[in-house]
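**Q** For the sequence shown, the UniProt record's numbering gives the first residue as 1, with consecutive numbering after it.
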Amino acid sequence: MPDRPARRGALTLFSGGQDSTTCLAYALDRYDHVETIGFDYDQRHRIELDQRGKIRDALLRDFPAWKDKLGEDHLVRIGALAEIATTAMTHDVEIAFDANGLPNTFVPGRNLLFLTFAGALAYRRGLTQIIGGMCETDFSGYPDCRDDTVKAMQIALNLGMDTRFNVETPLMWLDKAATWRLAERLGGKALIAIILEETHTCYLGERGKRHNWGYGCGECPACQLRAKGWREYRNS
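#1: Where does Gly218 fall in DSSP's three states?
#2: Looking at C-alpha atoms only, which residue of Phe117, Val167 and Tyr233 is the closest neighbour of residue 243?
#3: Kindly indicate the opening and closing residues of the alpha helix (DSSP H) around Gln129.
#4: May I have the straight-line CA-CA distance separating Thr36 from Arg234, to the nearest angstrom?
#5: For Asp57, count the other beta carbons within 10 Å of its own beta carbon; 16 or more makes it buried, fewer makes it exposed. Which is it?
#6: Cβ of Thr199 within 9 Å of Cβ of Gln43?
#7: Consult DSSP for residue 246 and reduce its assignment to one of helix, strand or coil.
#8: In whole angstroms, give me the CA-to-CA distance for Arg185 and Asn158.
#9: Need the endpoints of the beta strand (DSSP E) that Asp40 sits in, please.
#10: Anyone know if the C-beta pair for Gly133 and Leu13 falls short of 9 Å?
#11: Output yes or no for whether 9 Å exceeds the beta carbon distance between Arg9 and Gln154.
#12: How about Phe114 and Phe63: do their beta carbons lie closer than 9 Å?
#13: Taking C-beta to C-beta, are Pro143 and Thr149 nearer than 9 Å?
#14: So what's Arg207 in DSSP terms, helix, strand or just coil?
#15: Beta-carbon within less than 6 Å of Asp29's beta-carbon, same chain only, minus the 5 sequence neighbours each way: which residues are those?
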């Protein structure tokens, strides 16, 4: 049985990055009760986990209307994912492309596991909406970020748990510039400031240098994509 009765509530996959923070704002704008779930899989950029609490605190500080909506945060530890996946996201190896054309930052099965754990938690918490930042417009070709994959996972979760989850991906068809614009529509300059100062995207976990688009090494694919989106957003 669920811990709580069903309500107009959502569970947001929340890593501490730009995309998941925008998705959290999207959920808070639409639902009466929003909880967050994050995953510790021994990622190289585990510093993102440290930012999650800071972002939640900043949202509560700057958006009083969301204060009563933001519920519990849940952190799930799945270190086994790093044990079976030797990738640039989980091991100290240079970022490169594999023979199949995918960057070695791809962690096989990661989003499938994330959605499975999120579904199990949402079931127990009585939440029907699961919100994730998957995107196949501006992305690195990860197959588990594709719309077809997410739709298939929604079907599997609903069949396997005999329920009616709705997996929402508000960023699926947005490029990074459009993601910045969505954040501004949701929370104005205050939300943009939180994303710039507190979110973490850099694959290498670098937070020593503050760029105009936020913190990061400036060289990894995640930093380059974020910086490109920021430039296009500012010039639009």
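Ideal Cβ positions, reconstructed from N, Cα and C, are used throughout, including at glycine.
**A** Checking against the coordinates, here is how it stands:
#1: Coil at Gly218, not helix or strand.
#2: Look at the range of the chain in this structure, 1 to 236, and you will see that residue 243 is not part of it.
#3: Segment Leu127 to Ile131 is the beta strand (DSSP E) holding Gln129; no alpha helix (DSSP H) there.
#4: Distance between the alpha carbons of Thr36 and Arg234 is about 29 Å.
#5: Residue environment: Asp57 is assigned as exposed (fewer than 16 neighbouring CB atoms within 10 Å of its CB, all protein chains considered).
#6: Inclusion of Thr199 and Gln43 in the CB contact set at 9 Å is not warranted, their separation being larger than that value.
#7: Outside the modelled stretch of the chain, which goes from 1 to 236, sits residue 246, for which no answer is possible.
#8: Each residue's CA atom was taken as its position, placing Arg185 and Asn158 some 32 Å apart.
#9: Looking at the DSSP string, the run of the beta strand (DSSP E) that includes Asp40 is His33 to Asp40.
#10: The answer is yes: Cβ separation under 9 Å.
#11: The residue asked about is misnamed: residue 9 is Gly in this sequence, not Arg. Pairing Gly9 with Gln154 gives a Cβ-Cβ distance that is not under 9 Å.
#12: No, the Cβ-Cβ distance between Phe114 and Phe63 is not below 9 Å.
#13: Cβ distance < 9 Å, so Pro143 and Thr149 count as in contact.
#14: Coil.
#15: Closer than 6 Å at Cβ, skipping near neighbours: Leu186.
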